[in-house]
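Structure record follows, encoded as structure tokens.
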Amino acid sequence: MGFVRDSQKQFIYEFYLRSTINELLVFSNVDVTKHWYKTKKKNIDIYKFFESNEILHITIGPEGQWLNIDEY
2 MGFVRDSQKQ
12 FIYEFYLRST
22 INELLVFSNV
32 DVTKHWYKTK
42 KKNIDIYKFF
52 ESNEILHITI
62 GPEGQWLNID
72 EY
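If you read the sequence shown in my numbering, its first letter stands for residue 2, the second for the next number, and so on.
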């Protein structure tokens, strides 16, 4: 998992346009790595993790198939 600080969200849009990655990409203004490593589960559902902690985030599907913005 990586962390990108992008207040203008220009990098997110660029990733969306040019995404050829087969993985899910999650962008947030919060660095969640500390919380991520505290979890004891090996197979963590990224969606549930961000939703349960009510963290604003943007997700891009594999190969740029979809773009979701979740605000709480």
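The beta carbon of each residue, even a glycine, is placed where N, CA and C say it ideally should be.
Beta-carbon proximity of residue i to residue j, cut-off 9 Å
i: T60; j: Y73; result: no
i: G62; j: T21; result: no
i: L57; j: S29; result: yes
Cα-Cα separation between residue i and residue j, rounded to whole angstroms
i: I70; j: E24; result: 17 Å
i: K10; j: K43; result: 30 Å
i: K39; j: Y14; result: 30 Å
With 16 other Cβ atoms within 10 Å as the buried cut-off, status of residue i
i: L18; result: exposed
i: V27; result: buried
i: F51; result: buried
Chain B within 9 Å of residue i, Cβ atoms only
i: T40; result: Absence of chain B from the displayed structure is noted, only one protein chain being present.
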